[in-house]
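What follows is a single structure, written as structure tokens, with notes after it.
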């Protein structure tokens, strides 16, 4: 199973929209995809995929319940299926209290001489549910801040995809990545790989080109470079869908530059699949929406 977390220390770099569109790009190619968003803030991946209706339900079973061995039902019952067959575990407000819940469980176990490593619980839950047997791709979308959500995401995936805006702030974030990854590896006692750096909202200025070159010089792979597509991505949030669905269903005409953006999502997905030694069974021509309709026709 290909597994990775999409992470950036800087906010507002398109982390969540990249998570959504990569999930769809993998699924369009015939892969089974599970997405686990761990960001407790509003305006999250569950909102984008329009499955956040129960996030404030105090009676609901949640991922947090399962992380502290208090699940109210089967883990698979948490999973919802959204567009293009992507599966997702919707975020719940309990994620805000994940650190406290994990610490309380650790203290309770300690009283009885039992071990409860707080940063490995997501991996444990996924292993016990045999997720690796049911899915080809696992994407985890943690918050930007350090804490139990991020540490569990990294322990479960062991790989990072790094969206960044090629600005001074974005460059500083990536420049400090080696130290960040090293510290996390030492703390979690795992090895963490960086599968790709993904420049976003690029306007083609000389300074931005220089920053991207410096990022590549640091040894980070940059498979694609996304231009500034603010209108397209804002439309996705308005309609609560991926860019693939937004262009196909909510655009009166298909603009070449937007189809180019879809093609880049597909190209990035193929790059990541190759990194994980996964071959998609039915990859589309990059950016093709006809592939989607032809596939549905065959299935019908």
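Numbering (this note's numbering), first residue to last: 141 to 440.
Idealized CB from N, CA, C, for every residue including glycine.
Within 7 Å, strictly: CB atoms of residue i and residue j
{"i": "residue 301", "j": "residue 357", "result": "no"}
{"i": "residue 153", "j": "residue 303", "result": "yes"}
{"i": "residue 408", "j": "residue 427", "result": "no"}
{"i": "residue 306", "j": "residue 339", "result": "yes"}
{"i": "residue 411", "j": "residue 363", "result": "yes"}
{"i": "residue 290", "j": "residue 143", "result": "no"}
{"i": "residue 293", "j": "residue 145", "result": "yes"}
{"i": "residue 239", "j": "residue 282", "result": "no"}
{"i": "residue 229", "j": "residue 176", "result": "yes"}
{"i": "residue 260", "j": "residue 227", "result": "no"}
{"i": "residue 169", "j": "residue 420", "result": "yes"}
Which of helix, strand or coil DSSP assigns to residue i
{"i": "residue 221", "result": "strand"}
{"i": "residue 288", "result": "helix"}
{"i": "residue 340", "result": "coil"}
{"i": "residue 275", "result": "coil"}
{"i": "residue 249", "result": "helix"}
{"i": "residue 391", "result": "coil"}
Same chain, Cβ closer than 6 Å to residue i, neighbours up to 5 away in sequence not counted
{"i": "residue 369", "result": "401"}
{"i": "residue 232", "result": "195 and 202"}
{"i": "residue 439", "result": "Any reading at residue 439 must be qualified, since the residue scores a pLDDT of 38, below 50, and its modelled position is unreliable; the value itself is stated next. Nothing meets the Cβ criterion."}
Cβ neighbours of residue i in the same chain (closer than 7 Å, five flanking residues each side left out)
{"i": "residue 274", "result": "172"}
{"i": "residue 212", "result": "201 and 205"}
{"i": "residue 234", "result": "202 and 204"}
{"i": "residue 342", "result": "306, 348, 365, 366, 367 and 368"}
{"i": "residue 328", "result": "259, 291, 294 and 295"}
Same chain, Cβ closer than 8 Å to residue i, five either side skipped, listed in chain order
{"i": "residue 444", "result": "Limits of the chain in this structure are 141 at one end and 440 at the other, which puts residue 444 out of reach."}
{"i": "residue 215", "result": "206, 265, 268 and 269"}
{"i": "residue 386", "result": "372, 375, 376 and 379"}
{"i": "residue 186", "result": "177, 192, 195, 228, 230 and 231"}
Residues bridged to residue i (per DSSP)
{"i": "residue 146", "result": "301"}
{"i": "residue 334", "result": "300"}
{"i": "residue 281", "result": "177"}
Legend entry - alpha helix (DSSP H) segments (min. 4 residues) lying fully within the region 173-228: 185-188 and 203-207
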